[in-house]
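Below: the structure, in structure tokens.
There are 4 protein chains.
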Amino acid sequence: MTSVAELVRSSPTDLPVDEKLLIETIELLYDGAATCTACADACIAENEPHCAATCLNCADICFTTARILSRATGFDADTTRAVLTACEQTCRTCAEHCERHAEQYEHCRVCAESCRRRADACHRLIDALAA
Amino acid sequence: MTSVAELVRSSPTDLPVDEKLLIETIELLYDGAATCTACADACIAENEPHCAATCLNCADICFTTARILSRATGFDADTTRAVLTACEQTCRTCAEHCERHAEQYEHCRVCAESCRRRADACHRLIDALAA
Amino acid sequence: MTSVAELVRSSPTDLPVDEKLLIETIELLYDGAATCTACADACIAENEPHCAATCLNCADICFTTARILSRATGFDADTTRAVLTACEQTCRTCAEHCERHAEQYEHCRVCAESCRRRADACHRLIDALAA
Amino acid sequence: MTSVAELVRSSPTDLPVDEKLLIETIELLYDGAATCTACADACIAENEPHCAATCLNCADICFTTARILSRATGFDADTTRAVLTACEQTCRTCAEHCERHAEQYEHCRVCAESCRRRADACHRLIDALAA
Numbered sequence: 078m079t080s081v082a083e084l085v086r087s088s089p090t091d092l093p094v095d096e097k098l099l100i101e102t103i104e105l106l107y108d109g110a111a112t113c114t115a116c117a118d119a120c121i122a123e124n125e126p127h128c129a130a131t132c133l134n135c136a137d138i139c140f141t142t143a144r145i146l147s148r149a150t151g152f153d154a155d156t157t158r159a160v161l162t163a164c165e166q167t168c169r170t171c172a173e174h175c176e177r178h179a180e181q182y183e184h185c186r187v188c189a190e191s192c193r194r195r196a197d198a199c200h201r202l203i204d205a206l207a208a
Numbered sequence: 078m079t080s081v082a083e084l085v086r087s088s089p090t091d092l093p094v095d096e097k098l099l100i101e102t103i104e105l106l107y108d109g110a111a112t113c114t115a116c117a118d119a120c121i122a123e124n125e126p127h128c129a130a131t132c133l134n135c136a137d138i139c140f141t142t143a144r145i146l147s148r149a150t151g152f153d154a155d156t157t158r159a160v161l162t163a164c165e166q167t168c169r170t171c172a173e174h175c176e177r178h179a180e181q182y183e184h185c186r187v188c189a190e191s192c193r194r195r196a197d198a199c200h201r202l203i204d205a206l207a208a
Numbered sequence: 078m079t080s081v082a083e084l085v086r087s088s089p090t091d092l093p094v095d096e097k098l099l100i101e102t103i104e105l106l107y108d109g110a111a112t113c114t115a116c117a118d119a120c121i122a123e124n125e126p127h128c129a130a131t132c133l134n135c136a137d138i139c140f141t142t143a144r145i146l147s148r149a150t151g152f153d154a155d156t157t158r159a160v161l162t163a164c165e166q167t168c169r170t171c172a173e174h175c176e177r178h179a180e181q182y183e184h185c186r187v188c189a190e191s192c193r194r195r196a197d198a199c200h201r202l203i204d205a206l207a208a
Numbered sequence: 078m079t080s081v082a083e084l085v086r087s088s089p090t091d092l093p094v095d096e097k098l099l100i101e102t103i104e105l106l107y108d109g110a111a112t113c114t115a116c117a118d119a120c121i122a123e124n125e126p127h128c129a130a131t132c133l134n135c136a137d138i139c140f141t142t143a144r145i146l147s148r149a150t151g152f153d154a155d156t157t158r159a160v161l162t163a164c165e166q167t168c169r170t171c172a173e174h175c176e177r178h179a180e181q182y183e184h185c186r187v188c189a190e191s192c193r194r195r196a197d198a199c200h201r202l203i204d205a206l207a208a
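Sequences listed follow chains A, B, C and D, in order. Per the working numbering, the first sequence starts with residue 78, numbered consecutively. Per the working numbering, the second sequence starts with residue 78, numbered consecutively. Per the working numbering, the third sequence starts with residue 78, numbered consecutively. Per the working numbering, the fourth sequence starts with residue 78, numbered consecutively.
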């Protein structure tokens, strides 16, 4: 279990959503922020400007979404849904860009897979919040 | 003129949107990230937990939105609209929270006004991108 | 293996430091950014203002340090050392604050342990860069 | 007066440092985070990988330093000095890189000047904290 999973479990405030799904999404989003930051750096070195800038955007929205999901104290359903929707959209766009170079660059192959997983996780959490 | 305005003007890539509106929105969002970060700190000191956490969320999405708007190289209309929508929603939620303490705390009064201005700026830019 | 570990391994640029130590530190720092963000939220809810603000500071510097370590393309030894030194200092300060509430709050106990591990990891990497 | 200046002035907590110098530094650092983010995007488009990655590092540490300076509630002198030192170092490194392209790219000329101003502001604040 990661420290963040223990933290969410020991929070004095509960979010109105399945805890396991919430923790899994937060962990995927932080791993995504890390993955897209590193993929952006590799794409900058490979001179792939559009893919680099797309990865930078994805890293920033994944990090912000993970943080907002971690703040049970300030939970607001409308904000959470809107931010998850923006994150899902950005992850799908980034996945499409990285997939175009997946055979050429190992970092883009790994990043594209990670982006797809995160987009799906955001989608599941949006559904869970709507239920 | 701020440095960021000069930067956007000297970018080798043009965004398909009015430059003046874009620069104004980016500047408002960075000022908002700064304002909400400081208001969160003041609300933590005043023991206003819900307002503090809402300001932290707003600071993060304002900063991420400002960054994404500054990346002409990775511009994607769907991503930009979704992120601006999330930012507008978060700013409106934060404005509502801070307005409840506007008479009690000067920092919440200033922050609420700043949040309204940013929400409106995001809305105008969404309209401009749709046009 | 996390995605970020795969990413660092597939980067076209090598950092002049042991790859295993580098990946371990990056992973600890991202987990720390996540842990301190969640601990700050819990401390806000518990009305522990000083601990909340300290955790917010620690989350931000951990995230920035993780990002700078992930950018092999822009590697600069002086910058890396100065940032790691600031991160180590901030993690030690945060550990001290959270330890004071470790018996009272499970989130502060977990966060303090995580802060100590990160401070030590930063220290090891500073030594490795100096060698 | 920017919103962030009003916010710092209305904070319930005072920092043990000259308020005018503090506000000026915070404003310069946020403008720097904005400037370096935009310069990184321009450098990515111009295929200047090392300068792009250096600007990304500088944007991140400027933003984190501005945030830490805005959190009077969690003020810790050792942390503040260490973070300002890291920020000054990163701004000087970024200034050197951008200056090499100052005649070729207007964005690098503006960014280099902005980096020098911020490095000097960080230095003055470190001196003020030591006094």
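The C-beta atom is built at its ideal place from N, Cα and C for all residues, glycine as well. Quick caveat, the model's predicted, so the values are computed rather than measured.
- Judged by DSSP secondary structure, C:Asp118 falls within the alpha helix (DSSP H) whose first and last residues are 96 to 122.
- For D:Pro89, the three-state secondary structure derived from DSSP is coil.
- The contact set of C:Pro126 on chain B, defined by CB atoms closer than 8 Å, consists of Ile121, Ala122, Asn124 in chain order.
- Counting only unbroken stretches of 4 or more residues, the alpha helix (DSSP H) elements lying wholly within the region 154 to 207 of chain D are 154 to 176, 183 to 207, in sequence order.
- Selection D:Thr131, D:Ala111, D:Leu146 evaluated against D:Leu84 yields D:Leu146 as nearest (Cα-Cα).
- The three-state secondary structure of A:Arg144, taken from DSSP, is helix.
- Considering only C:Thr156, C:Cys164, C:Arg158, the residue with the shortest C-alpha distance to C:Cys132 is C:Cys164.
- B:Ala205 sits close to B:Leu98, with the two beta carbons spaced by under 7 Å.
- Taking the C-beta atoms as reference points, A:Cys199 is found no nearer than 7 Å to A:Thr167.
- Ranked by how close their Cα comes to the Cα of B:Ile121, the residues A:Val94, A:Thr150, A:Cys128, A:Val81 have A:Thr150 in first place.
- Here DSSP, grouped into helix, strand and coil, assigns B:Glu83 to helix.
- Residues of the region 151 to 166 of chain A with a Cβ closer than 7 Å to any Cβ of chain B, in chain order: Gly151, Asp153, Asp155, Thr156, Ala159, Val160, Thr162, Ala163, Gln166.
- For A:Asp204, no chain B residue has a C-beta closer than 7 Å to its own C-beta; the minimum C-beta separation is roughly 17 Å.
- Excluding residues up to 5 positions away in sequence, Ala205 lie with their Cβ nearer than 8 Å to the Cβ of C:Asp95 in the same chain.
- Straight-line spacing of the CA atoms in C:Ile138 and A:Ala111 works out to 14 Å.
- D:Arg144 has its alpha-carbon roughly 7 Å from the corresponding atom of B:Thr114.
- For A:Ala179, the CB contacts under 7 Å within the same chain, skipping 5 residues up- and downstream, are Cys185, Arg186, Ala189 in chain order.
- With a threshold of 16 other beta carbon atoms within 10 Å, D:Pro93 falls short and is exposed.
- Put simply, the backbone Cα of A:Ile203 is about 14 Å away from that of B:Ala159.
- Leaving aside the five residues that flank A:Arg201 on each side, the residues in its chain whose CB is nearer than 8 Å to its CB run, in chain order, Leu98, Thr102.
- Close partners of D:Asp118 in chain C (Cβ separation under 9 Å) are lacking, with about 14 Å as the shortest Cβ gap.
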